[in-house]
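Q:
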Amino acid sequence: MKNKPDKADFLAKCSVCGKSLDPDDIVILSEKEQKTTMHVTCAKCRSAAIVFLLNNQLGVMSVGMATDLDSEEVASKFGGEAINSDEILDLYQFVDGEGGDIMRLIKNGKN
Ligand SMILES: [Zn+2]
């Protein structure tokens, strides 16, 4: 077992109430080579946040930003359609080689 990066913990649970986030709570807004932007909504307290996932030589880093917008509103601001959760598997494969525990969490949650 390798060490889990602390940076990944943001996505593992709601930053407001501490509930674990499910894959269904996550909507991917855009996906680029080094950066993925997603919207997460807590099923318990309905807190929403935009998360930027950056992939660089240091590993995977996530930066969260609270928002009042729901995922559709954010998606429209990004000028694209929200990607369904199946796309998370692609993201998982993208991050997997970088030791992204976030995606391991998501994958486990889909079972
Ligand atoms: Zn919450």
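Number 118 marks the last residue of the sequence shown (our numbering); no jumps.
We put the beta carbon where it would ideally sit given N, CA and C, even for glycine.
Quick check on the contact list: which residues have their beta carbon closer than 5 Å to a heavy atom of ligand 1?
A: Selection output, chain order preserved: Cys21, Val23, Cys24, Lys26, Cys49, Lys51, Cys52, Ser54.
Q: What distance in whole Å lies between the Cβ atoms of Lys26 and Lys42, which are believed to be in contact at a cut-off of 8 Å?
A: Here the question's residue 42 lines up with position 35 in the sequence shown. Here the question's residue 26 lines up with position 19 in the sequence shown. With 8 Å as the limit, Lys42 and Lys26 do not qualify as a contact, their Cβ atoms being about 26 Å apart.
Q: In or out: Ser83 buried (at least 16 other Cβ within 10 Å) or exposed?
A: Counting from 1 along the sequence shown, the entry for residue 83 is found at position 76. Its Cβ having fewer than 16 others within 10 Å, Ser83 is exposed.
Q: Expressed to the nearest angstrom, what Euclidean distance is found between the alpha-carbon atoms of Met45 and Asp77?
A: If you number the sequence shown from 1, residue 45 lands on position 38. If you number the sequence shown from 1, residue 77 lands on position 70. Each residue's Cα considered, the two are about 11 Å apart.
Q: To the nearest angstrom, report how far apart Thr74 and Val47 are at their CA atoms.
A: Translated into the one-based positions of the sequence shown, residue 74 becomes position 67. Translated into the one-based positions of the sequence shown, residue 47 becomes position 40. C-alpha separation (whole angstroms): 10 Å.
Q: Can you name the residues that DSSP bridges to Gly71?
A: Here the question's residue 71 lines up with position 64 in the sequence shown. Answer is Val58, bridged to Gly71.
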